[in-house]
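The opening residue of the sequence shown carries number 1 in the UniProt record's numbering; numbering runs sequentially from there. Even glycine gets a Cβ: it sits at the ideal position worked out from N, Cα and C. Just so we're clear, the structure is a prediction, and the values are computed from it rather than from any experiment.
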Amino acid sequence: MTGTPWAHSSRVATLFVLLLSLASVAGLRALAQAPPVVATSTVTLAAGFSAGPAVTDACGDLYVYEGGATGIVEIEAGTGKVTTIIANAQGYNSSGTALYMDPEKKNLYFPDFSNFYTTHFDQLPITNCVPGAINDAFANNLGDLGNYYYGTVQDAAGDAAGNVYFNTSSNVTQAIYKETYSASAETYADSQILTWKNNIVFIAADAAGDVFFVDNVSQNVYELAISGTSYPDPPTILVQAAAFKTISGLSFDPLGNLYIADSGASLIFEVPLENGALNPADVFATAAVGAPYKVSVDASHNIYLSNGQGAAKLKPGSAIAPATAVGSTSATFPITYVFNAATTPESISVANGTSITAPFAIGTGATGACAVGTAQAALSSCTVNLTYTPTAVGKQTSAVTLGYSSSALMSDVFGVGQGAAATIDPGTITPSTTTLTAPSGVTVDSVGNVFVTDSTANTLTEFAAGSAGSGTTISTGTLSLSGPKGVAVDPAGNIFIADTGNNRVVEIPVVNGVLTNASAFALSPTLKAPQGVAVDGSGNLFISDTGDNNLLLIPNINGALSFAAAQSFGASLDGPTALAFDQNGDLFLAESGNNDVLEFTAPVGSAAQVQVAAGFTTPTGLATDASNSLFVVDSGSGSVVRFPNVNGVLGEKTLVGGTIFNPIGVAVDASGNLYVTDSTDSLVAEIARVTAALQFGGVNVGATGTETSQINSSGNLPLTFMTPDYTIQAASAPGFVVTGDTCIGATLAPGSACAVTATYTPTAPQLNAQENLTLSANGSNGTPIIQLIGTGAHLSPSTLTLVLTSPAGATTLNAGQSVTFTATIGTGTDTAVVGGSVEFFVNGTQVETVKVKSGSAVLTLKDGLPGGQAVVVATYTDDVIHYGSSSAQLTETVNALSDTMTLAISGATLYINPLSVNDNSANAAGPAITLTATIVPSSSVAPGGTVTFFAGSTNLGIISVVPSSSGGYVAQFATTALRAGTTNVVEDGSYLSSYNITAVYSGDNIYEGANAGAGPIYVVGPPPLSAAPVCATESTPTCHVNTTGATFTVTPTSPTITVASSTASGQVSGSATLTITSYGGWQGVLTFTCAGLPAYATCAPFPGAPVVNYSTAAVTYPQQTISFIINTNVAPLAPTASSMIWWVGGMGGLALLMVRRRIRKLGYLRAGQWMSVAGLLLLMVTSIMGVTACSSSSKTFTTPTGTSNVTVTVRGAQGIPTTTNVALQDSSVPPINITLVVK
């Protein structure tokens, strides 16, 4: 079947569910009660139509069911062209109201005109807003239900599933039929869902399939709610007849609100959808119009109808002025107010938030005019007539404010001034004097005020129209901005800011006619980094939801943004940023991801998006002028380009203006001047395009320079030039000649251009010679003037002298030390002022360009020169008078700054390898270990360079030094290269490897290099999965006697010991905790020796000779802790006594080790307790001998203060307890480094 119903589209079905969800959450427009006052304006689409049903397609084209033999006509949006698309030659079914357009706007349904007694329906496909051929298959599938008694179809409706409903009139019965759509078969099955006692005149259906109808006798509105697949009988009354006079139509809008036309009251009522259900208690009059008939409502709540006075569109909350020539005054045009409660208007004015009334004004002569102080009864209406006197070509906006009961209703007013306009490219750039940091978005309001966001300062700044100041910061009340980008102003003067960093849009509202900063608030939609905002002439808000790659519409309904009516547009968007509307309401969108510009034809969503420009490098700004020409900021290429719009087609781009280092946003004022934000130079550049300078620069005396100005037709009417087309202002400057002129006598269509070419041949040196060409044309945006400016150049030689002026006379500098160099240009006897600039180079790299002032250029490097030998050179780039030159080299000796580095290992120093290498050769990775090298510089200058990490001599990686989030500077490296090898076998066939880690800092231009070490790191690898754990299968565990690869580790918990001994009269001690771990069943007694102790200090473990617990299959890698003690202020021992202490300790420990097994066999001590006994015995012996030694002298010995690096060597006497007490070879581990701090 052709013309598949809209319910086949998953996209539309999803959108319908989304909109219903929004409506159920927000309760359409969040209405808690009927609005006291609503406003509408009427746009006549075509005259001479009788009352009948009207529906619209996606483009806003209106289809009207005319009576008699006319049939169905189409009224084209924008042009008003009327075309009969279905003729009714026999005049059958001419009194019915059965005209229905599906929600996707792709199929039009109407009665078959070929037979008077029929319920046949015809289906007319609508493709891209163009009607196709009638689909007879639809009529056949529907089936013939009609005969003489059934009569004709009276009205029709449909739901979201594609089902069609209609009611019939006959002499026998009144009924409602349902044609149930089958998506799989693409066919319809008919059924009767209601037989009614009285005549049914109008029906409507909501998305869920609930049917609503009007009883012509009672005038009640009934609801026939679907329950499963059936309908209840009888239906329920939704709205009593008392609320209306004569109902003349039912309709639903896309969001589920019910509209009731009342021709008796000349009102259209709305029953709002609130919390997912229609609420008749809140029914209100939404528009006043004579004799309304069954209407159609679009997603923006525009109401379409044909009421016998013609076909028209009612715009809620806004008015559109007729097109009027600049300087002329339009005929009056009305805005109508409907009062849902008794109200007395207290004020009526035309003004937006800037309190400027022009170019709109209150007119006179309205019938039923609203009057201040005149009471209005409930459900009454009155009219305010307006006039429009355009002050500029193109779009102009304002607002009508009706004040009442300490409140106000603002309605947008939109007009287009008709006229020709001339602009000149390239224009003249004038940078603003601002305090901006990183200006981003920019817009111009209806009276010429310029608003700019600052994405770094997080501010909004206003530059008053015509001012040259630094601007005024606009407060956002209690809200703080974060990285704001786009900004827009609506017709009423409300300001909208894309608050990108806060994922929202902020509105600064106009309250009672005044922009009220304190009332700033965040709009409701949930967004993700929005960057663009734009407002159309009806006050609808569009948002580029950049992070979600979405284009969002928030419609303006009755003067308020309706979040429940939000719509989403755009297919496969990638980084949508800037937005801009042209005079026709077409929307342009820039995509930073696709580097293109898309166009959405008005009304947005009526047609597929079209790519109109591509090949950019990050487009970030868009604007249009009165000719609908498009301006694009290509931030990546640093350019602003213009695409002329000639006869509705965008042409080839041309560059606009001069050099702007980093353009971001762009806006156009009423005269065609551009405003471009520059985030690099932190300014807003105005590009004047009515009076524009044509710069020839420096031209040698006797030589000739040639330049061309392009004059654009920038209005919406043709631009016509006189003959001759210019006059020379004041006296003619010598050397300028106009050599080409395609503008003379020309008439340019809007968007097109002509050119004036001039030459400059100076006869003598002259700075900034000027001649003005005043163009003669019919432009209404000011008198266009081309300023011819050039300099007659006589080139002179120059010299350049470079000296170090701060610190003056220094022979050696320190890296990071601020230095100043001065380059002086010498011109001999030539007294002409020196211009141009000087480029400074350090070690061959350009560091800065400085403009020449008073014959010299001064460079200050706050961070100084790089360490080593720094070679500084300056180059003068010349001006229009003087040749360029270079200085001699300056070589400065710069000392690098010192720094320190520490190396830290994340987590413990013992890691378990993921798998054994024997199980998987691909398992080459060890455990994840993070190494962090911290650089501590000796100055405030940030260090750079790299850190190279080593495991032994193996290079693990090279990492750059970066600032740390917690302060300081680090190089952090995560490695999996440290794994257990296969040579050192421990219990259960596991493997053990140790690694000493070092870090080497490369240094940079400022800082010297440094080294640091850490470790060792121990990595244990599990045994092969195929190997059975031998120890676990033996009755007597033997792991601890398998000495192949058996070893132990000693690790300090804290490597620093601090003692305060300088003020003590006796011995003072400090300690550190050591952790001892056994691998491979190692057991034995440990001894400790120290090197690097200060005078009168000793070291000793506690217990004195620790015995290591051996590992087993059941207890792998057991750990135990001991204290390592350093004593200070210790009297020296006699040599024999000192030797005796260690000899006795060592022999006692070995003896206890050898008898340990026998003690355990006898059961005297449990495993693990014998070490404590040994430690206590040795401590007793040591203490006695220490006391004896200490008591041998009464002299006081004091350990000197300071920091000592103590190296502790640990050796182990390994033993296997057997009946023969065999002792094995001694073992050792890498030395331990302890820092001793004596205070």
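For residue i and residue j, what's the separation of their Cα atoms in angstroms?
i, j, result
"Val-690", "Glu-707", "18 Å"
"Thr-383", "Pro-232", "45 Å"
"Lys-1239", "Thr-1128", "11 Å"
"Asp-678", "Gly-636", "12 Å"
"Gly-531", "Asp-545", "Looking at the sequence itself, residue 531 is Gln, so the reference to Gly does not match. Between Gln-531 and Asp-545, the C-alpha separation is close to 7 Å."
"Thr-617", "Ala-623", "17 Å"
"Phe-643", "Asp-634", "13 Å"
"Val-1059", "Ile-905", "27 Å"
"Ile-424", "Ile-362", "37 Å"
"Ser-263", "Ser-780", "46 Å"
"Asn-768", "Gly-735", "12 Å"
"Val-1000", "Val-1108", "36 Å"
"Thr-893", "Ile-1122", "54 Å"
"Ala-1072", "Gly-1009", "31 Å"
"Ser-806", "Gly-1013", "40 Å"
"Thr-364", "Ala-371", "11 Å"
For the putative contact between residue i and residue j, defined by C-beta atoms under 8 Å, what is the C-beta separation to the nearest angstrom?
i, j, result
"Leu-551", "Pro-525", "About 12 Å; that fails the 8 Å criterion."
"Gly-493", "Asp-445", "7 Å"
"Phe-496", "Val-505", "6 Å"
"Thr-434", "Gly-471", "6 Å"
"Thr-336", "Thr-44", "About 14 Å separates the two Cβ atoms, so there is no contact after all."
"Lys-485", "Thr-473", "In fact, because the Cβ distance is near 17 Å, the residues do not count as touching under 8 Å."
"Val-1208", "Cys-1090", "6 Å"
"Pro-280", "Leu-250", "Contact flag wrong, Cβ pair sits at about 13 Å."
"Gly-48", "Val-64", "At roughly 11 Å, the Cβ-Cβ gap does not stay under 8 Å, so Gly-48 and Val-64 are not in contact."
What would DSSP say about residue i, mapped onto helix, strand or coil?
i, result
"Gly-547", "helix"
"Thr-500", "helix"
"Ser-709", "strand"
"Asn-385", "strand"
"Ser-519", "helix"
"Ala-34", "coil"
"Ser-993", "strand"
"Gly-636", "helix"
"Phe-563", "helix"
"Ala-319", "strand"
"Ala-241", "helix"
"Phe-661", "coil"
"Ile-86", "strand"
Determine the burial state of residue i: buried for a count of at least 16 other Cβ atoms within 10 Å of its Cβ, exposed for fewer.
i, result
"Asp-1004", "buried"
"Asp-155", "buried"
"residue 1265", "Here the chain has residues from 1 to 1239 only, and residue 1265 is not among them."
"Ala-703", "exposed"
"Pro-619", "buried"
"Ser-381", "buried"
"Gly-867", "buried"
"Ala-823", "buried"
"Phe-661", "exposed"
"Ile-1232", "buried"
"Ala-1167", "Any reading at Ala-1167 needs caution, since the residue's pLDDT is 37, under 50, leaving its predicted position unreliable; the model's value is listed next. Exposed, since its Cβ has fewer than 16 Cβ neighbours within 10 Å."
"Tyr-883", "exposed"
"Ala-874", "buried"
"Val-936", "exposed"
Open item on the list: Please give the ranges of any beta strand (DSSP E) in the segment 271-302, keeping only runs that are unbroken, at least 3 residues long and fully inside the region.
Closed with: 284-288
- [ ] Output the residue ranges of the beta strand (DSSP E) runs that lie fully inside the segment 756-806 and measure 3 residues or longer, sorted by chain position.
- [x] 766-777, 785-793, 799-806
Open item on the list: So within the segment 667-745, which uninterrupted beta strand (DSSP E) runs reach at least 3 residues, ignoring any that extend past its ends?
Closed with: 674-678, 683-688, 691-700, 705-713, 719-729, 736-741
Task: Uninterrupted beta strand (DSSP E) stretches inside the segment 1040-1094 (no shorter than 3 residues) - done: 1047-1052, 1056-1059, 1068-1079, 1084-1091
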